[in-house]
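Since the structure comes first, as structure tokens, the remarks are kept for the end.
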Amino acid sequence: MTKKELERLVEIEKRVKEIAEECGLITTEIDFELTTAQRVLEGMSYMFPVNYSHWSFGRDFEKHKTIYEHTGSGIPYEQVWNFERPKAFLVETNPFALNALILAHVYGHVDFFRGSRYLQQGRSYSNVADEARNAATRFRHYEERFGKDVEKVIDAGMSIQWHQHPDPFYEEQDEAIVRQRIIEIERAKLGRFKDFKSEFKKPDSEEEIRKIEKNLEFLSTRTPPEPNYDLLNYITKRSPKPLKPWMIDVLTVIRNQARCLNPNRLTKMIDEGWATYWHVKIIRRLHEEGLLTAEEHGTFNDFHSGVTAEHKMSFNWYRIGLALFENIKEKWDKGRFGREYEEETDAYKKAHWDTGAKLGTKKIFEVRSFYSDRMTIDEFFTDEFIREQQIYIWEELQTSDGGALYVIGEDDPESIREQLREMFTSYGIPTITIENGNNNKQGHLLLKHHWTGFDLDAQYMNATMEKIHYLWGKKVFLETMVKGKSVNVTYDYENRKNK
Amino acid sequence: MSIIVSEPVSERGRKDARRHREKQREALKDRLPEIISDEAIITHNRGKTIKIPIRSIDIPHFRPDRGEGGGRQGFGQGDGQPGDPIAERPGKGRPGEAGEEPGEDYIETEVSIEEIIELMLEDIGLPNLEEKEVKELIVEIGIKIAGLQKSGPWSLLDRRATAREGMRRFWYFFEALKKETGLDELTCFRALKQATGILGDAIEILKNNQLTLLDTKVEPFPIFTNEDLRYRKIGEETEKQSNAVLIVMMDVSGSMDDMKKYLSRSMMFWLVEFLRKVYSQVVVRFIVHHTIAKIVSEEDFFKTGENGGTFCYVAYEMANSLVETEYPTDSWNVYVWHFSDGDDSKPKRTVEELEKLIKTGVNMIGYGEVKPSTSMTGFMFNQTESSLWKLFQNSFALKEAPDNDIVMMTGEKETPLLCVRIQDRSHILPALKEFLRKDRWLQ
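Line by line, the protein sequences give chains A and B.
Add 5 to a position in the first sequence, counting from 1, and you land on the number used in the working numbering.
Add 1117 to a position in the second sequence, counting from 1, and you land on the number used in the working numbering.
Rendered as structure tokens:
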């Protein structure tokens, strides 16, 4: 990039920031790093600007690189991190218009980071960027000393990193405090037997008292005191293996990173939709003000339509997210919400409904601040919206030669909402809890899969059990369902296989 | 300004991508029996690479069972009614074409024969290899410190050896100084120390009575000249081992159908490739036989298709004469490997020739009996073992030792005979490993 182009980019960045502020977006100083495509591809694959070394990042890097090299014209991906001082990448070889698009898009994301309560939470954990940078160095030293064991621990930690508490705002409590609370609730039950009359009335109360006392005894040593969703945290803290300090360090870094990134997962659609919504507005302004030429505006349009293209076989977050905000804006501007509108049966009246409410902007900022993807489904994925967007569910049919045919299976809005709810609730991560960390009183680990309509993939389950066993060091059990029957899967080191 | 120009890129991505590919290779190991029994490798692809579809490696995690082939679902957008096809994935032979199809990532990778051998290479080599008078077999075993030298890079300075040289020089100078000046030990020491170890200067100091040091004790210190510095010498570590010759022999008679020939050739192809990789100068001779035996070139060996009756002894006879004339066992390690279906018209003669061969002191005789269970000619003589197999067992007091899921028997050290039965493709890899067990007949 020439000095002149660089100066122009700096000018554009300044103007983008001003426009963003005029639009009501929260802005801050953003570090834009002008860099090579290679570095951006690396950033995409490593989750943070600098992160520790692992083959799975390398695999993703190679994949992104192959795609980039085959399509070639530029990298229409933005890389921006939710840091105290946000950081983003610009590719020096990208066409100028594409870099302008990315600047505008990044300002959209940064507003989302600052405004969304989920992303505020994600930023609050710790300074993960610095942590990742430091971890890279520490892990390298570990590797020098402990060799391939480091990779084994990372593999194992990553295999369960997304099993976190379903409530991202859940505050972790000390085990002793949780136990105390549970015991108090149980003990309160004993209170009612102290009343002589009720004891007299209930001949079986003795037995009940014994039952409660027995339960109290069990609760006094039970670990975890209640089922625990945060697998990696519990295992890191309680493993009887025992884990060495460096292993605990590695696992803690993995967990912190996953916890920091989880809010991004919960808001992926509206986050991308929001950034796309604003880059359209900002670029339009730049063009109107003559800061982008007509030709550059054309280049922008090409990339924009590429990013928001209709995907036949996958969920395009950018396209659907953008449409969602445009839809909300229009409806709330025209007052198409509330009981009166919903109950209107005259199709003509409904189609031309406009109360001049002008509440659209207020509403979309509200969605940005308080919603997760999951929360948008019931409120905004109406039958009309789903039909308008032509969203469907495809199904795979096997063909006789071992291939497959993909057909549209379902376009009923209610079924689609149902599936969207499922996708935005679990993100493909089955709910698993730790039920007992001292199973059979021998320090075995007991896990439970909460069945929600799917069995677990057996091959993956076995391999994951092996990873958990590697961290736990003793037998690991998993209660799950296979074809409608409950089963107890074991991973036993001595036999090195699952029973 | 908040646009900053980036620092140079790290190589992390490439390095980690390499590790991923390495892991894919590891996963290939599980499929080795299937890969190495691919006939195309031997017939069409000699010395080249083979194409294998490889999956990218995933970190295991709990995930819903989406069902293999069929039954998977996903979201999409666009025109259409339920039942309308939107995409397809072709069947066998073309996994994972680029496009929007879901599914595991496949890439078709080229793997060289050499890489496959490396995957199989786990402590294999020639069994019973002995010291002979002439050593020519060069085995690379890595880098080594090959002694010391007087010059070299500073990083390779051997401090201990250098210090030793320095102390030696001190005592040498000390004695010389005493002799030269006839003065007492302490005075000489003081002078040598004051002269920082330079003998000439010490003599001058004493002559001119310039001694200023007042040490009260003789405390030796090392004195270095460039001569005394010792550096480690690095050499590529190779080891010269004794000469080795492989005599590989194959039955090409009429009863050897395509399947049998294929199994034999696969075995021999990999055996020869293996050994050439491990020992750079191994000599290989090829013999084919039916009722007569002849020495052929390697190329012909892997292509020959003949027929007729079978005498196995002719091959052993020829091996015997080769050993006698070209590869005497006092200077050669001799390995004789023979593949046949054991359908021999003169088995007793074969045993006699074999006895002779053992007496010459060859290191190993390997007999691979190819007996496919579904062989076309097999049903006529439906015994599980040939008369030759039985005769070998009785004549040489061989012990049956089923291992690696294949049938085999071996003799004691003084009868280094190994017999292995290969019944189908899946036996190739375990049979190879048996043939190349370094520690066999190790005392």
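By construction, the Cβ of each residue, glycine as well, lies at the ideal position given by its N, Cα and C atoms.
Extent of the continuous beta strand (DSSP E) run through His1455 of chain B: 1449-1457
In DSSP terms, what Ala1293 of chain B is bridged to: Its beta-bridge partners do not exist; DSSP assigns none.
Cβ neighbour criterion (16 or more within 10 Å) applied to Arg1211 of chain B: For Arg1211 of chain B, the predicted model reports a pLDDT of 38, less than 50, meaning its position is unreliable and no value from the coordinates is stated.
Opposing strand residues paired with Glu401 of chain A [DSSP bridges]: A:Tyr411
Test: Gln395 of chain A CB closer than 8 Å to a CB of chain B: yes
Outcome for Tyr239 of chain A when other beta-carbon atoms lying within 10 angstroms are tallied against a minimum of 16: buried
Beta-bridge partners of Gln84 of chain A, as assigned by DSSP: A:Phe94
Proximal residues to Gly478 of chain A (C-beta, below 7 Å), its chain only, five neighbours per side dropped: Ser244, Pro245, Lys246
7 Å Cβ shell around Val15 of chain A - same chain, five flanking residues per side excluded: none
Where the alpha helix (DSSP H) containing His110 of chain A begins and where it ends: 101-120
Residue range of the unbroken beta strand (DSSP E) whose run includes Ala1514 of chain B: Premise fails: Ala1514 of chain B is in no beta strand (DSSP E) and is neither H nor E.
Proximal chain A residues relative to Ser1173 of chain B, where beta-carbon distance stays under 8 Å: Arg64, Lys68
Chain-order list of residues whose beta-carbon lies under 7 Å from that of Ile1174 of chain B (same chain, five-residue window excluded): His1137, Lys1140, Gln1141, Ala1144
Tyr475 of chain A (DSSP reduced to helix, strand or coil): helix
Distance between Ser1414 of chain B and Gly408 of chain A (C-alpha atoms, nearest Å): 45 Å
8 Å Cβ cutoff, Lys1146 of chain B in contact with chain A: no
Ile275 of chain A, buried or exposed, once every other Cβ within 10 Å from all chains shown has been counted against 16: buried
Cβ contact check for the stretch 164-178 of chain A and the stretch 433-444 of chain A: 3 or more pairs under 8 Å: yes
Among A:Asn139, A:Tyr397, A:Phe118, A:Ala137, the one whose alpha carbon lies nearest that of Asn129 of chain A: Going by the sequence as given, residue 129 of chain A is Ser instead of Asn. Selected option, being the one with the closest Cα: A:Phe118.
At least three beta-carbon pairs within less than 8 Å, the stretch 1464-1478 of chain B to the stretch 1432-1450 of chain B: yes
Burial state of Tyr475 of chain A, where buried means 16 or more other Cβ atoms lie within 10 Å: buried
Interface residues of the stretch 127-155 of chain A facing chain B [CB-CB below 7 Å]: none
Test item: CB-CB of Glu1551 of chain B and Leu1534 of chain B under 8 Å: no
Residue-level contact to chain A via CB, Asp1196 of chain B, 8 Å cutoff: yes
Under 8 Å by beta carbon: chain A residues contacting Arg1142 of chain B: Residues of chain A passing the Cβ test: none, with the nearest at roughly 12 Å.
Close beta carbons around Asn1424 of chain B, own chain, < 6 Å, minus the five adjacent residues each side: Gly1371
Ala1308 of chain B, buried or exposed, once every other Cβ within 10 Å from all chains shown has been counted against 16: buried
Glu1151 of chain B: contacting residues in chain A (beta-carbon distance under 8 Å): Within chain A, no residue comes near Glu1151 of chain B; the closest Cβ sits about 17 Å away, beyond 8 Å.
Chain A contact residues for Ile1176 of chain B, given Cβ-Cβ distances below 7 Å: Ser61, Asp160, Met163, Ser164
Host alpha helix (DSSP H) of Asp276 of chain A (start-end): 273-293
CB contact check: Ala109 of chain A to chain B, cutoff 8 Å: no
Bounding residues of the beta strand (DSSP E) (the contiguous stretch that carries His449 of chain A): 449-455
Test: Leu3 of chain A CB closer than 8 Å to a CB of chain B: Here chain A has residues from 6 to 504 only, and residue 3 of chain A is not among them.
Proximity test, Cβ basis, 8 Å: Ile1203 of chain B and chain A: yes
Sheet register partners of Val487 of chain A (DSSP bridge): A:Lys490
Whole-number beta carbon distance between Tyr397 of chain A and Glu384 of chain A, since they are thought to touch under 8 Å: About 21 Å separates the two Cβ atoms, so there is no contact after all.
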